[in-house]
């Protein structure tokens with residue numbers, strides 16, 4: 023499965039590891055429209071050299087391991103290791119983790135309570151990850167429009183997002199600085215329109231219910247397809263309809279998309 027997978031999903035968890043280790047790192051793969059675990063690794067840290075050594079060991083065991091598409095959780099060390107060992111792989115940032123990162127910034131800046139109690143404020147914050155659904159060329163112009171009407175209270179989150187995901191605008195006519203995570207990495211427009219996964223949310227779920235794996239494997243071997251939850255289907259339909267609506271502006275699309283995502287469970 024590992025060598026033949028078109029998509030792989032990388033993720034680390036820190037709450038279920040022995041004391042000698044820092045994280046349990048997993049690699050999941052797509053198999054017959056299911057996401058299944060292929061590799062479990064205990065790592066003592068999250069430095070680039072550790073990820074590189076891990077991936078090299080996997081390549082030694084599976085010489086044809088060269089994934090075309092890799093979804094990551096915005097961990098810089100793993101990103102650099104992947105780009106070093108798999109230079110032709112397409113990297114995609116997990117939308118679930120993008121939303122989590124923005125929510126954590128709200129907590130870090132003391133805005134968690136305001137976010138939870140003021141829906142208008144919360145919707146403005148959710149507009150930031152909602153930009154990921156637009157085409158890449160429309161992200162920055164739409165961000166500039168959103169920035170112009172952003173609530174003053176949310177400026178620390180706005181600054182965090184601009185520095186890390188957009189790039190701060192330099193003086194005069196100079197281009198923006200290169201952000202920590204460039205737009206093609208976290209943009210999900212193409213994946214959404216093509217029906218591809220934009221998040222490793224399933225991986226998060228498998229952490230909580232490992233017994234689910236056995237049932238998934240049985241279903242996959244029988245080529246059975248598990249029906250999506252009705253609410254998820256309705257939400258996906260709303261998102262697609264919004265993206266394909268030609269009469270709305272990009273800002274209107276982002277505001278509407280913000281009503282269909284959650285920073286904690288996207």
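Numbering (the numbering used here), first residue to last: 23 to 288. Every residue gets a Cβ at the ideal spot worked out from N, C-alpha and C, and that includes glycine. Remember, it's a predicted structure, so these values are computed and weren't measured experimentally.
For the pair residue 55 and residue 126, the Cα-to-Cα distance works out to about 31 Å. Comparing C-alpha distances from residue 258 to each of 83, 282, 267, 276 shows the shortest one belongs to 282. Residue pairing by DSSP places residue 33 opposite 48 in a beta bridge. Using a Cβ distance threshold of 9 Å, residue 32 and residue 94 count as a contacting pair. The beta carbon of residue 119 sits closer than 7 Å to those of 95, 96, all from its chain and outside the five residues before and after it, given in chain order. Boundaries for residue 137: no beta strand (DSSP E) harbours it, while the alpha helix (DSSP H) harbouring it runs 134 to 139, taken from the DSSP string. For residue 26, the secondary structure class from DSSP, reduced to helix, strand or coil, is coil. Sorting 77, 261, 173, 260 by C-alpha distance to the C-alpha of residue 92 places 77 at the top. As the crow flies, the alpha-carbon of residue 140 is around 12 Å from that of residue 148.
Three or more pairs of CB atoms, one per stretch, sit closer than 8 Å, so the stretch 46 to 63 contacts the stretch 23 to 31. Taking a C-beta distance under 9 Å as the contact criterion, residue 272 and residue 160 qualify as a contact pair.
A contact is defined here as three or more CB-CB pairs under 8 Å, and the stretch 173 to 181 fails this definition with respect to the stretch 72 to 90. Under the DSSP assignment, residue 115 falls in the beta strand (DSSP E) whose first and last residues are 112 to 115.
Apart from the 5 residues on each side of it in sequence, residue 128 sits with its Cβ closer than 7 Å to the Cβ of 134, 137, 147, 179 in its chain, given in chain order. Taking residue 189 as the centre and dropping the five residues before and after it, the same chain places the C-beta of 198, 199, 200, 201 closer than 7 Å to its C-beta, in chain order. Taking 9 Å as the cut-off, the beta carbon of residue 114 is found closer than this to the beta carbon of residue 213. A Cβ-Cβ contact shorter than 9 Å links residue 40 with residue 64. Going by DSSP, residue 276 is part of the alpha helix (DSSP H) stretching over 272 to 280.
Straight across, the Cα-Cα distance linking residue 130 with residue 182 is about 11 Å. Annotation: residue 207 to residue 192 spans about 22 Å, alpha carbon to alpha carbon.
Scanning 172, 187, 68 for the CA closest to the CA of residue 143 turns up 172. Pairing residue 38 with residue 101, the inter-Cα distance amounts to about 23 Å.
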